[in-house]
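Chemist: Residue numbers (UniProt numbering): 1 to 654.
#1: In chain order, which alpha helix (DSSP H) runs of at least 4 residues are fully inside the stretch 275-357?
#2: Three Cβ pairs or more, each shorter than 8 Å: is that satisfied between the stretch 318-335 and the stretch 357-367?
#3: Which whole-angstrom value is the C-beta distance of residue 564 and residue 494, which I expect to be below 8 Å?
#4: Using the three-state DSSP reduction, which class does residue 424 fall into: helix, strand or coil?
#5: Drop a sphere of 10 angstroms on the beta-carbon of residue 426, count the other beta-carbons inside from all chains shown, and report buried for 16 or more, exposed for fewer.
#6: Tell me which residues share the same chain as residue 41 and place their Cβ nearer than 7 Å to its Cβ, disregarding the 5 neighbours each side in the sequence.
#7: Helix, strand or coil: which one does DSSP assign to residue 616?
#8: Buried or exposed, going by whether 16 or more other CB atoms sit within 10 Å of the CB of residue 9?
#9: Going by DSSP in three states, residue 150 sits in which element: helix, strand or coil?
#10: Could you tell me which uninterrupted alpha helix (DSSP H) segments, each at least 4 residues in length, are contained entirely in the stretch 211-253, listed from first to last along the chain?
#11: Find the nearest neighbour of residue 215 within the set 264, 270, 157, 103, judged by alpha-carbon distance.
#12: Would you call the CB atoms of residue 429 and residue 483 closer than 7 Å?
#13: Quick check: the Cα distance between residue 593 and residue 622, rounded to an integer number of angstroms?
#14: Along the beta strand (DSSP E) that carries residue 121, what are the first and last residues, could you check?
#15: In terms of alpha-carbon separation, which member of 246, 210, 167 lies closest to residue 238?
#16: Could you give the C-beta distance for residue 104 and residue 255, rounded to a whole number, given that I count them as a contact under 8 Å?
#17: Since residue 94 is in the alpha helix (DSSP H), which residue starts that stretch and which ends it?
#18: Should residue 143 and residue 46 be called a contact, given that it needs their Cβ atoms to be closer than 7 Å?
#19: Following a CB-centred definition, is residue 165 positioned closer than 6 Å to any heavy atom of the ligand PLP?
#20: Please state the DSSP three-state secondary structure of residue 600.
#21: Residue range of the alpha helix (DSSP H) that residue 652 falls in?
#22: Label residue 278 either buried or exposed according to how many other C-beta atoms from any shown protein chain fall within 10 Å of its C-beta, with 16 as the threshold for buried.
#23: Are the CB atoms of residue 244 and residue 155 nearer to each other than 7 Å?
#24: By the DSSP assignment, the beta strand (DSSP E) with residue 584 in it spans what residues?
#25: For residue 350, tell me which candidate among 321, 380, 264 has the shortest Cα-Cα distance.
#26: Express the C-alpha separation of residue 479 and residue 576 in angstroms, rounding to a whole number.
#27: Quick check: the Cα distance between residue 377 and residue 356, rounded to an integer number of angstroms?
#28: Among the residues of its own chain, which have a CB less than 7 Å from the CB of residue 449, if the five just before and after it don't count?
#29: By Cβ distance below 7 Å, which residues in the same chain neighbour residue 286 in space, the five residues on each side in sequence not counted?
#30: Find out if the Cβ-Cβ distance for the pair residue 36, residue 374 is shorter than 7 Å.
#31: Give the DSSP-derived three-state secondary structure of residue 372 in the structure shown.
#32: According to DSSP, residue 106 sits in a beta bridge with which residue or residues?
#33: For residue 556, report the span of its alpha helix (DSSP H) as first-last.
#34: Going by DSSP in three states, residue 40 sits in which element: helix, strand or coil?
#35: Apart from the five residues just before and just after residue 522, which ones in its own chain have a Cβ nearer than 6 Å to its Cβ?
#36: Going by beta-carbon coordinates alone, are residue 75 and residue 126 separated by less than 7 Å?
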């Protein structure tokens, strides 16, 4: 009796832990334990329920999901959307199939959606929700990248599929929208937030894709009792269907391996496979349990686990202010690659693992892709959390975010938060350093290689570490370092532009340099009155320029950069200033110049200015297609600004 009481107490504890983790993952878009740890606790709870023959009310093993909390309309599903039983054993999957044929397909890691069509029109889209009640997101589904709005079938059609955001789109969104990273840590969470937006304009920008995986009903269509026939029919209707293959007991193991080999190159997130009996009637005859249908089963990749030694915990600052712990350990081979580091996500996960330096840990790749810590075998105790930011050196503090402890840097001037200014500094028209994308710069920041702009010129000391970074190698590392060295010699105008001074574009920088004959000492000590004497430099521009060089921190940054850079001696411009005071906009292709930048240079040499948009201050719009219906042409006509061709420009001004 006492033993059973102890087991039930453990079951309550496990249910609480799993509920907390699921709520964080599905509702708060955060992560408080690894998938490996969740599965381990879930399996322990399942085993205890079988042993005690007790299933507690609200147990995660019988709940399908959580109640939805958004303001979207709710709707009850006609039939419950159940979870799938699962296995990690390949042979168990073959034994489950038996003598039947089945369809084996990807188990996509996104948000399950039910679509309804009537008379060939998409009339409704509902999320899975808690399996019984979902959220109506019809307007959002209409802007998914690949959902047909109209199909040839005129009867009532209901199908299910997974809404996903591809890895490539996820990376682009994270680079372009700085606030997304703090809310979404992976494509699944980003997709969940995107699909459930109240404004479908936001959904449209997120490139959500829909992949059909099962047909619920199609009025009057004979599918010859075959799920594979249903999949083919859905494809013929214009739907993208989850990739799958017909299997039997002879080829299922080879087919599982075929899927495993494709994981590394997949552009969409998946967390395993799904096997369903092809024989629809046979599968239906098996019925269902309280939680699982008996006609299908999920397969999760058996994690290849390796034991290793924790060497250190590196704290990586990000643009959101979060300082994330990263475990550094003795290299191990996992799923065919060498792994030596894994994100620990936050302080709460570290505390749960009781990590100390030198501990024996086990590591694996979640879904065979992302390195994670599975367990800490030594558990020597929680190591100290740093009290300073690894990038700016400012005071860091521990913060509670929805029950999860995180380390943050509150310094708004921290370089890690200035990722856009760093990207601007290395851009083509500024210091022109190839190989330094925003994602690469973020990695360098995270590893403590960049603390100020001048540190770009000290990357040579990290050559081995950069070459070993994901996506790099010796050749790409050398190309990056060569590009950095080449940028040491530049023009003063490019350098001033690279500093990211508000309102100072490259053309303004050139105007200022020309006025002061490339004397940087005079330029940085110029006052607003002197600057406003330059044609094209107004009081606002002049004041922001003066304010920049008046700031002590900016002056220190500039001084450190001057130690690394040599300015080229530019020939004095003897061109007649025939375009002084004129403002041009160039659009479309050019024929007599190598490109628009060459034409822009010719204008600026002669005192003119080139801007990107047509305004009331524009003097001429240069467009070889004067009859074009482009927005710039329309704007120029509205403002009665002359539109001239390239030849007319050359005849008039050159």
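Using N, Cα and C, we set each Cβ at its ideal position, and we do this for glycine too.
Modeler: Taking the structure as given:
#1: For the stretch 275-357, whole alpha helix (DSSP H) runs of length 4 or above, ordered along the chain, are 280-285, 347-353.
#2: Contact check between the stretch 318-335 and the stretch 357-367: three or more CB pairs, one atom from each, fall below 8 Å, which counts as touching.
#3: Position 564 of the chain shown, counted from the first residue, corresponds to residue 564. Position 494 of the chain shown, counted from the first residue, corresponds to residue 494. Actually they are not in contact, since the Cβ atoms of residue 564 and residue 494 sit about 14 Å apart, beyond 8 Å.
#4: For the purposes of this step, residue 424 is taken as the residue at position 424 of the chain shown. In this structure, DSSP gives residue 424 a helical state, which the three-state scheme calls helix.
#5: As a working mapping, residue 426 is identified with position 426 in the chain shown. Buried, by the Cβ-count rule.
#6: Here residue 41 refers to the residue found at position 41 of the chain shown. Around residue 41: 14, 17, 18.
#7: Numbered from its first residue, the chain shown carries residue 616 at position 616. DSSP, read as helix, strand or coil, puts residue 616 in coil.
#8: What you label residue 9 is simply residue 9 of the chain shown in a count that begins at 1. Of the residues assessed, residue 9 falls on the exposed side of the cut-off, its CB having fewer than 16 other CB atoms within 10 angstroms.
#9: Taking the first residue of the chain shown as position 1, residue 150 is located at position 150. If DSSP states are grouped into helix, strand and coil, residue 150 belongs with the strands.
#10: Within the stretch 211-253, complete alpha helix (DSSP H) segments of at least 4 residues are found at 227-236, given in chain order.
#11: As a first step, residue 215 is located in the chain shown; it is residue number 215 there, counting from the start. Out of 264, 270, 157, 103, 157 has the C-alpha closest to the C-alpha of residue 215.
#12: Numbered from its first residue, the chain shown carries residue 429 at position 429. Numbered from its first residue, the chain shown carries residue 483 at position 483. Pairing residue 429 with residue 483 gives a Cβ-Cβ distance that is not under 7 Å.
#13: On the chain shown, residue 593 is found 593 positions in, with the first residue counted as 1. On the chain shown, residue 622 is found 622 positions in, with the first residue counted as 1. For residue 593 and residue 622, the distance between alpha carbons rounds to 13 Å.
#14: Mapped onto the chain shown, residue 121 falls at position 121. Note, residue 121: beta strand (DSSP E), 121-127.
#15: One-based indexing of the chain shown puts residue 238 at position 238. Ranked by Cα distance from residue 238, the options 246, 210, 167 are led by 210.
#16: Taking the chain shown and counting its residues from 1, one reaches residue 104 at position 104. Taking the chain shown and counting its residues from 1, one reaches residue 255 at position 255. Contact flag correct, Cβ pair sits at about 6 Å.
#17: Here the question's residue 94 lines up with position 94 in the chain shown. That run of the alpha helix (DSSP H) goes 90-97.
#18: For the purposes of this step, residue 143 is taken as the residue at position 143 of the chain shown. For the purposes of this step, residue 46 is taken as the residue at position 46 of the chain shown. Not in contact: residue 143 and residue 46 (Cβ atoms no closer than 7 Å).
#19: The ligand content of the structure shown is nil, which means the ligand PLP is not present either.
#20: As a position in the chain shown, residue 600 is number 600, starting the count at 1. Here residue 600 sits in helix by DSSP.
#21: As a working note, residue 652 is residue 652 in the chain shown. First-last of the alpha helix (DSSP H) with residue 652: 646-653.
#22: As a first step, residue 278 is located in the chain shown; it is residue number 278 there, counting from the start. Per the 10 Å Cβ criterion, buried.
#23: The count along the chain shown starts at 1 and reaches residue 244 at position 244. The count along the chain shown starts at 1 and reaches residue 155 at position 155. For residue 244 and residue 155, no; Cβs fall outside 7 Å.
#24: Your numbering for residue 584 matches position 584 in the chain shown. Segment 583-586, the beta strand (DSSP E) holding residue 584.
#25: Along the chain shown, read from residue 1 onward, the residue named residue 350 stands at position 350. Scanning 321, 380, 264 for the CA closest to the CA of residue 350 turns up 380.
#26: Here residue 576 refers to the residue found at position 576 of the chain shown. Here residue 479 refers to the residue found at position 479 of the chain shown. In this structure, the CA atom of residue 576 is about 40 Å from the CA atom of residue 479.
#27: Taking the first residue of the chain shown as position 1, residue 377 is located at position 377. Taking the first residue of the chain shown as position 1, residue 356 is located at position 356. Here the alpha carbon of residue 377 sits roughly 11 Å from the alpha carbon of residue 356.
#28: Taking the first residue of the chain shown as position 1, residue 449 is located at position 449. Closer than 7 Å at the Cβ level, and outside the excluded window around residue 449, lie 455, 459, 462.
#29: As a working note, residue 286 is residue 286 in the chain shown. Excluding sequence neighbours, residue 286 sits near 294, 295.
#30: Here residue 36 is taken as the residue at index 36 of the chain shown, counted from 1. Here residue 374 is taken as the residue at index 374 of the chain shown, counted from 1. Contact annotation: residue 36 and residue 374 have beta-carbon atoms nearer than 7 Å.
#31: What you label residue 372 is simply residue 372 of the chain shown in a count that begins at 1. Residue 372: strand per DSSP, three-state reduction.
#32: One-based indexing of the chain shown puts residue 106 at position 106. According to DSSP, residue 106 bridges with 273.
#33: Mapped onto the chain shown, residue 556 falls at position 556. Looking at the DSSP string, the run of the alpha helix (DSSP H) that includes residue 556 is 552-562.
#34: As a first step, residue 40 is located in the chain shown; it is residue number 40 there, counting from the start. The three-state reading of DSSP puts residue 40 in helix, counting H, G and I together.
#35: In the chain shown, residue 522 corresponds to position 522, counting from 1. The answer, listed in chain order, is 516.
#36: Locating residue 75 in the chain shown gives position 75, where the first residue counts as 1. Locating residue 126 in the chain shown gives position 126, where the first residue counts as 1. For residue 75 and residue 126, yes; Cβs fall inside 7 Å.
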